[in-house]
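Q: Below: one structure in structure tokens.
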Amino acid sequence: MTGHEHNASHEHEHEGRRGDAHPHGRDHEQAHPTPADDCAIPASARSVAEQQGAVLATVAPLPPARVTLDEARGLVLAEDIRSATDIPPFDNSAMDGYAVRRVDVQEASAAAPVSLPVIADLAAGTADNPRIGPGQVARIMTGAPMPDGADAVVPIEDTDRGTDTVTIVRAPVPSAHLRRAGEDVRAGDTVLVAGVRMGPTRLAAAASAGAGTVSAHPAPRVAVISTGSELVPPGQATGRGQIPDSNSFLLAAAVAEAGGVPVRLGSVADDEDALRELLAAQAGLVDAFVLSGGVSVGAYDVVKAVLAPLGTMRFGPVRMQPGKPQGFGRWMPGPDGSPGPVIFALPGNPVSAYVSFEVFVRPALRRMQGHTDLHRPTVTATVADGWTSPSGRAQYMPVTVERDGALTRVRRATSGGSGSHLVAGLGQATGLAIVPEDVTLVAAGDLVTVMLTS
Ligand code: AMP
Ligand code: MG
3 MTGHEHNASH EHEHEGRRGD AHPHGRDHEQ AHPTPADDCA IPASARSVAE QQGAVLATVA
63 PLPPARVTLD EARGLVLAED IRSATDIPPF DNSAMDGYAV RRVDVQEASA AAPVSLPVIA
123 DLAAGTADNP RIGPGQVARI MTGAPMPDGA DAVVPIEDTD RGTDTVTIVR APVPSAHLRR
183 AGEDVRAGDT VLVAGVRMGP TRLAAAASAG AGTVSAHPAP RVAVISTGSE LVPPGQATGR
243 GQIPDSNSFL LAAAVAEAGG VPVRLGSVAD DEDALRELLA AQAGLVDAFV LSGGVSVGAY
303 DVVKAVLAPL GTMRFGPVRM QPGKPQGFGR WMPGPDGSPG PVIFALPGNP VSAYVSFEVF
363 VRPALRRMQG HTDLHRPTVT ATVADGWTSP SGRAQYMPVT VERDGALTRV RRATSGGSGS
423 HLVAGLGQAT GLAIVPEDVT LVAAGDLVTV MLTS
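Each position in the sequence shown, counted from 1, maps to that position plus 2 in the numbering used here.
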């Protein structure tokens, strides 16, 4: 197998073929694939790297906003955070026990216990500071400030837990169970640097440092719209010619996993006015649109029909499989002249839409969030089964990634290969094997680069 048939049978994105001249041009291609189909890549076609470069050159981190720590969850910090105080802010007890003067109890042992009067009871949160004189102790709980005069803590386990008088059976070492002010950081020290993602531990660090709000890049709001008159909501009965809309769920979840806020708007029919109205209504509310379907050269390719005339979008083939037809650009500027939301117009086949999201949309959404590390990790893996790949196009093959000791092995996730309509099999994939443009045959035992997607 040359790979040509395989490829041509699953995509229908050949420039120069007029859909209106061939209303069933797609089936036509599927029935009569020719090697020439694969070679029909216009010279203007971009490589994946060129398209990625164009996308990433257009998007920028969203302007930082001051947000509460609740709102900051998962966002990228846009400023350094310095601690307002020493951390801990005051000397305090690391144990539940008794604050003592060590000289008073340094001979204590099980054979020679020492009993002393308890002059205070200090819970966490207390502002009390009773002076501990010679021969005196205070009961103290974890986190309570050490009272003046005391210099060690005897844990409750080394005592009879007395409340009026306590009997101590073991001598503490110097400074035992004492947390010193500033032993974590000093007031003014930098605890977090701009660019980090505010995950659980960073939020805790910011809170400890006294930051009630932080400056962070907002998560991009991303409207997700499927196009296609054949689409019905999942779960609803389908008539002849109808299929469930899977892309809006796929892409909304992908947006969320990429750190964006998805606004899933379901599907619109292949109706130019309907799509135009929906885009216009949402444009002021979102930072980006992710559309699927309608970007090819068919008679009802509504996305291209509505957006190409704006002059702010580029529609054109990218040398990849699946995902060859891509549209990218912006909606019209707002009334104040501010640039419109960026628009990703992805092909409708679910695997094409998914691969396009991974390759172009996810890195862009990460840049908008202020991340500098934009790309999925990759590994080199050994191919368990072989497959063909079209010449002149980088192939993204959905694969399952298996680890076997030191060896990482991949096999095709769908028995039908990279067919861009094979959405159910896509559910098995945990990675995308990347086959370079010039490779046409991937054999068992070959090494491939794999983008890890889960
Ligand atoms: P298009 O890019 O609009 O020509 O669509 C290509 C193929 O993908 C067609 O078979 C569509 O029915 C299918 N398709 C488009 N959008 C969706 C969607 N949202 N969910 C599932 N399949 C879709
Ligand atoms: Mg369509």
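The beta-carbon is built from N, C-alpha and C at its ideal position, and this holds for glycine as well.
As the structure is a computational prediction, the values presented were derived from the model and not from experiment.
1) In chain order, what residues of the same chain have a beta carbon less than 8 Å from the beta carbon of R369, not counting five sequence neighbours either side?
2) What span of residues does the alpha helix (DSSP H) with V216 cover, start to end?
3) Whole-angstrom Cβ separation of I345 and R364, contact assumed at under 8 Å?
4) P319: beta carbon under 7 Å from a heavy atom of ligand 1?
5) Look at the alpha carbon of L233 and the alpha carbon of G214, and state the distance between them as a whole number of angstroms.
6) How is G55 classed by DSSP in three states: helix, strand or coil?
7) Indicate whether the contact test is met: 3 or more Cβ pairs, each with one atom in the segment 337-356 and one in the segment 297-309, closer than 8 Å.
8) Rounded to the nearest angstrom, how far is the Cβ of P236 from that of P44, given a contact under 8 Å?
9) Sorry if obvious, but does the Cβ on G295 come closer than 7 Å to a heavy atom of ligand 2?
10) Starting from the Cα of T416, find the closest Cα among L194, V116, W389, R405 and give me that residue.
11) What is the DSSP secondary structure of V299, counted as helix, strand or coil?
12) How would you label V195, buried or exposed, when you count the other beta carbons within 10 angstroms and need 16 or more for buried?
13) Under 8 Å, do D160 and R172 count as touching if we go by C-beta distance?
14) Would you give the residue range spanned by the alpha helix (DSSP H) that T410 belongs to?
15) Verify whether the separation of the beta carbon atoms of P176 and P149 is less than 8 Å.
16) Taking 8 Å as the threshold (C-beta atoms), are S250 and G268 in contact?
17) Please list the segments of the alpha helix (DSSP H) lying wholly inside the segment 93-147, counting only runs of 4 or more residues, in order along the chain.
18) For A256, which of helix, strand or coil comes out of DSSP?
19) Between the Cα of V292 and the Cα atoms of L280, S228, R242, which residue gives the shortest distance?
20) For the segment 251-259 against the segment 191-205, do three or more pairs of beta-carbon atoms, one drawn from each stretch, fall closer than 8 Å, so that the two count as touching?
21) Determine which residues share a DSSP beta bridge with Y356 and list them.
22) T165 lies in the beta strand (DSSP E); which residues open and close that run?
23) Please find out if some non-hydrogen atom of ligand 1 comes closer than 7 Å to the beta-carbon of T217.
24) Does the distance from the C-beta atom of P324 to that of S354 stay below 8 Å?
25) In whole angstroms, what is the alpha-carbon distance linking S2 and A426?
26) Relative to the C-alpha of I121, which residue among D130, A189, G394 is closest?
27) With DSSP collapsed to three states, give me the class of P157.
28) Can you grab the Cα-Cα spacing for the pair I134 / D106, in whole Å?
29) Tell me whether G429, by its Cβ, gets closer than 7 Å to a heavy atom of ligand 1.
30) Any heavy atom of ligand 1 inside 7 Å of the beta-carbon of T374?
31) I need the boundaries of the beta strand (DSSP E) containing T374, first residue and last residue.
32) State the DSSP-derived secondary structure class of D29, mapped to helix, strand or coil.
33) Around the C-beta of R181, are 16 or more other C-beta atoms found within 10 angstroms, so that it is buried, or is it exposed?
34) Output the distance between the C-alpha atoms of S117 and D93, rounded to the nearest integer angstrom.
35) What's the C-alpha gap between V187 and D88?
36) If you draw a straight line from the alpha carbon of L449 to that of Q430, how long is it in whole angstroms?
A: Taking the definition as stated:
1) One-based indexing of the sequence shown puts residue 369 at position 367. Here the set comprises L58, V61, A62, P63, L376.
2) The sequence position of residue 216 within the sequence shown is 214, counting from 1. Counting along the chain, V216 falls outside any alpha helix (DSSP H), though it belongs to the beta strand (DSSP E) covering 215-219.
3) Residue mapping note: residue 345 aligns to position 343 of the sequence shown, counting from 1. Residue mapping note: residue 364 aligns to position 362 of the sequence shown, counting from 1. No, I345 and R364 are not in contact; Cβ-Cβ is about 16 Å, not under 8 Å.
4) As a working mapping, residue 319 is identified with position 317 in the sequence shown. No, the beta carbon of P319 sits no closer than 7 Å to any heavy atom of ligand 1.
5) Sequence index remark: in the sequence shown, residue 233 carries index 231 (1-based). Sequence index remark: in the sequence shown, residue 214 carries index 212 (1-based). Spanning the two alpha carbons is a distance of roughly 46 Å.
6) As a working mapping, residue 55 is identified with position 53 in the sequence shown. It is helical.
7) Cβ pair count under 8 Å is three or more, so yes.
8) Residue 236 sits at position 234 when you count from the first residue of the sequence shown. Residue 44 sits at position 42 when you count from the first residue of the sequence shown. Taking the Cβ atoms as the reference, P236 lies roughly 36 Å from P44, outside the contact range of under 8 Å.
9) In the sequence shown, counting from the first residue as 1, residue 295 sits at position 293. Under cutoff, so the answer is yes.
10) Within the sequence shown, residue 416 is the residue found at index 414, counting from 1. Of L194, V116, W389, R405, the residue nearest in Cα terms is W389.
11) Here residue 299 refers to the residue found at position 297 when the sequence shown is read from its first residue. DSSP places V299 in coil when its eight states are reduced to three.
12) Translated into the one-based positions of the sequence shown, residue 195 becomes position 193. Counting Cβ neighbours within 10 Å, V195 comes out exposed, since fewer than 16 surround it.
13) Stepping through the sequence shown from its first residue, residue 160 is reached at position 158. Stepping through the sequence shown from its first residue, residue 172 is reached at position 170. For D160 and R172, yes; Cβs fall inside 8 Å.
14) By 1-based counting over the sequence shown, the position of residue 410 is 408. That residue, T410, is in no alpha helix (DSSP H); its beta strand (DSSP E) goes 409-414.
15) The residue given as residue 176 occupies position 174 in the sequence shown. The residue given as residue 149 occupies position 147 in the sequence shown. Result no, Cβ atoms of P176 and P149 do not sit closer than 8 Å.
16) Start at 1 with the first residue of the sequence shown, and residue 268 comes out as number 266. Start at 1 with the first residue of the sequence shown, and residue 250 comes out as number 248. In this structure, S250 lies closer than 8 Å to G268 by Cβ.
17) 104-107
18) Along the sequence shown, read from residue 1 onward, the residue named residue 256 stands at position 254. Three-state DSSP puts A256 in a helix.
19) Translated into positions along the sequence shown, residue 292 becomes position 290. The option with the nearest alpha carbon to V292 is S228.
20) no
21) Here residue 356 corresponds to residue number 354 of the sequence shown, with the count starting at 1. Its beta-bridge partners do not exist; DSSP assigns none.
22) Residue numbering aside, residue 165 sits at position 163 when the sequence shown is read from its first letter. Run containing T165: none; DSSP gives neither H nor E here.
23) For the purposes of this step, residue 217 is taken as the residue at position 215 of the sequence shown. The amino acid occupying residue 217 in the given sequence is Ser; Thr does not appear at that position. Distances taken from the Cβ of S217 to the heavy atoms of ligand 1 include none shorter than 7 Å.
24) By one-based count along the sequence shown, residue 324 stands at place 322. By one-based count along the sequence shown, residue 354 stands at place 352. In contact: P324 and S354 (Cβ atoms closer than 8 Å).
25) Limits of the chain in this structure are 3 at one end and 456 at the other, which puts residue 2 out of reach.
26) Your numbering for residue 121 matches position 119 in the sequence shown. Of the candidates D130, A189, G394, the one whose C-alpha sits nearest the C-alpha of I121 is D130.
27) For the purposes of this step, residue 157 is taken as the residue at position 155 of the sequence shown. Here P157 sits in strand by DSSP.
28) Taking the sequence shown and counting its residues from 1, the one referred to as residue 134 is at position 132. Taking the sequence shown and counting its residues from 1, the one referred to as residue 106 is at position 104. Here the alpha carbon of I134 sits roughly 11 Å from the alpha carbon of D106.
29) Start at 1 with the first residue of the sequence shown, and residue 429 comes out as number 427. G429 Cβ: outside cutoff for every heavy atom of ligand 1.
30) On the sequence shown, residue 374 is found 372 positions in, with the first residue counted as 1. No, ligand 1 has no heavy atom inside 7 Å of this Cβ.
31) Start at 1 with the first residue of the sequence shown, and residue 374 comes out as number 372. Neither: T374 is in no beta strand (DSSP E) and is coded neither H nor E.
32) Here residue 29 refers to the residue found at position 27 of the sequence shown. Here the model assigns D29 a pLDDT of 32, short of 50, so the residue's position is not dependable, and the following value carries that caveat. In this structure, D29 counts as helix in the three-state DSSP scheme.
33) Translated into positions along the sequence shown, residue 181 becomes position 179. Result: buried.
34) For this step, residue 117 is matched to residue 115 along the sequence shown. For this step, residue 93 is matched to residue 91 along the sequence shown. Cα-Cα distance, rounded: 25 Å.
35) For the purposes of this step, residue 187 is taken as the residue at position 185 of the sequence shown. For the purposes of this step, residue 88 is taken as the residue at position 86 of the sequence shown. Between V187 and D88, the C-alpha separation is close to 6 Å.
36) Reading the sequence shown from its first residue, position 447 is the one you call residue 449. Reading the sequence shown from its first residue, position 428 is the one you call residue 430. Their backbone Cα atoms lie some 21 Å apart in a straight line.
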